[in-house]
Amino acid sequence: MHGDDTVFFIASKVLGFFLVPSNLIALLCAIGALLTLTRARRRGVKLLTVGVALLLVAGYTPLGNALLLPLSERFPPWQDNGRAPDGIIVLGGAINSDLSAARGVLELEASAERIVTVLELARRYPQARIVLSGGSANLLAPGNAEAPFAGRLLQAFGVAPERIALESGSRTTTENAVQTKRLVAPKAGERWLLVTSAFHMPRSIGAFRAAGFEVEAYPVDWRTRGWNDLWWPFERLSMGLARTDLAVHEWVGLIAYRWARRSTELVPGPR
Numbered sequence: 001m002h003g004d005d006t007v008f009f010i011a012s013k014v015l016g017f018f019l020v021p022s023n024l025i026a027l028l029c030a031i032g033a034l035l036t037l038t039r040a041r042r043r044g045v046k047l048l049t050v051g052v053a054l055l056l057v058a059g060y061t062p063l064g065n066a067l068l069l070p071l072s073e074r075f076p077p078w079q080d081n082g083r084a085p086d087g088i089i090v091l092g093g094a095i096n097s098d099l100s101a102a103r104g105v106l107e108l109e110a111s112a113e114r115i116v117t118v119l120e121l122a123r124r125y126p127q128a129r130i131v132l133s134g135g136s137a138n139l140l141a142p143g144n145a146e147a148p149f150a151g152r153l154l155q156a157f158g159v160a161p162e163r164i165a166l167e168s169g170s171r172t173t174t175e176n177a178v179q180t181k182r183l184v185a186p187k188a189g190e191r192w193l194l195v196t197s198a199f200h201m202p203r204s205i206g207a208f209r210a211a212g213f214e215v216e217a218y219p220v221d222w223r224t225r226g227w228n229d230l231w232w233p234f235e236r237l238s239m240g241l242a243r244t245d246l247a248v249h250e251w252v253g254l255i256a257y258r259w260a261r262r263s264t265e266l267v268p269g270p271r
């Protein structure tokens, strides 16, 4: 299984690079520009025109939100029914571990809500175990696992070390699920919360279900205000392009996970 995981990890990184809209658009424009210097100038101009048009659509229109909202709205906010959770799992993505290691200070990512939420949940449910799942997803160079940095942060805010479990070997969401289950060995009847970004929750839930680990979705980091954002363009090209990249990355991940049977369904939802 480890060999299959490595192949899947490498393939996802390589294919993911070429399927990201911003990279595809840049490649299309580059090819078009080069062709304008050859006998195929007219074809190059057409490619360049298409590339610029795609750039404007992806960067300024609500396309990114239209792709992201069906994912981020899939799971509603978690509701406390009076029964405290036995454990809380947070997936990596909140901390830039390589930058933190280089600078000697904690550097947060755009998904910092994940770790902030776990700090709040750890205070609200003092008996719950806390699992921080996140290794290094670097492909070309060795990286620093994220989980140890998150563990030190929780301890600095007063969370007892004996409550914290670190899973530092995972590189993908599938590995998050499999290795976390192996680490905590959940018992029947236990209640575990899964904290990750709302747009990433469907793929995460699918991976945990495929691993045989039933968890409850605790979505954070919504990125949009709701369905009304379908009607508003972006103020800066970079904002819309980044949103489109994020959404396409997640949809490609969902398709790949379902195809590889690493998820129970294409777009998992609440049960």
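For the sequence shown, position 200 (counting from the first letter as 1) is numbered 200 according to UniProt numbering, and the numbering increases by one without interruption.
Beta carbons are placed, not taken as given, at the ideal position from N, Cα and C, and that holds for glycine.
For clarity, every value in this text was computed on a predicted model and none was experimentally measured.
7 angstroms CB neighbourhood of residue i in its chain, flanking five on each side removed
| i | result |
| --- | --- |
| Leu153 | Leu106 and Ile115 |
| Pro62 | Asp229, Leu230, Trp231, Trp232 and Pro233 |
| Glu109 | Gly93, Ala94, Ile95 and Asn96 |
Contact under 8 angstroms by Cβ, residue i with residue j
| i | j | result |
| --- | --- | --- |
| Val215 | Ile89 | yes |
| Met201 | Pro186 | no |
| Ser170 | Gly212 | no |
| Ser22 | Asp229 | no |
| Trp231 | Leu69 | no |
| Glu167 | Ser111 | no |
| Gly16 | Val267 | no |
| Phe199 | Arg223 | yes |
| residue 275 | Thr173 | Nothing can be reported for residue 275, as the shown portion of the chain is limited to 1 through 271. |
With 16 other Cβ atoms within 10 Å as the buried cut-off, status of residue i
| i | result |
| --- | --- |
| Val14 | exposed |
| residue 352 | Here the chain comprises residues numbered 1 to 271, so residue 352 is not present and cannot be evaluated. |
| Met1 | Unreliable placement is indicated for Met1, whose pLDDT of 47 sits below 50; the coordinate value is still reported in the next sentence. By the 10 Å Cβ count, Met1 comes out exposed. |
| Ile10 | exposed |
| Pro161 | exposed |
| Pro76 | exposed |
| Pro142 | exposed |
| Arg271 | exposed |
| Ile205 | buried |
| Val7 | exposed |
Residue-chain proximity (residue i, chain C), Cβ-Cβ < 8 angstroms
| i | result |
| --- | --- |
| Ser12 | Although the question refers to chain C, the structure presented lacks it and comprises just one protein chain. |
DSSP bridge partner residues for residue i (one or two, in chain order)
| i | result |
| --- | --- |
| Arg129 | Gly87 |
Contacts around residue i, its chain only, beta-carbon distance under 8 angstroms, and the 5 residues preceding and following it disregarded
| i | result |
| --- | --- |
| Thr36 | Gly44, Val45 and Leu48 |
| Ala165 | Arg129, Ile130, Val131, Leu132, Leu183 and Val184 |
Close beta carbons around residue i, own chain, < 6 angstroms, minus the five adjacent residues each side
| i | result |
| --- | --- |
| Ala137 | Arg171 |
| Leu67 | Ala247 |
| Gly269 | Arg74 |
With contact counted as at least three CB pairs below 8 angstroms, one residue from each stretch, are the region 187-197 and the region 80-99 in contact? yes
Examine the Cβ distances between the region 49-68 and the region 126-135 and report whether three or more of them are shorter than 8 angstroms. no
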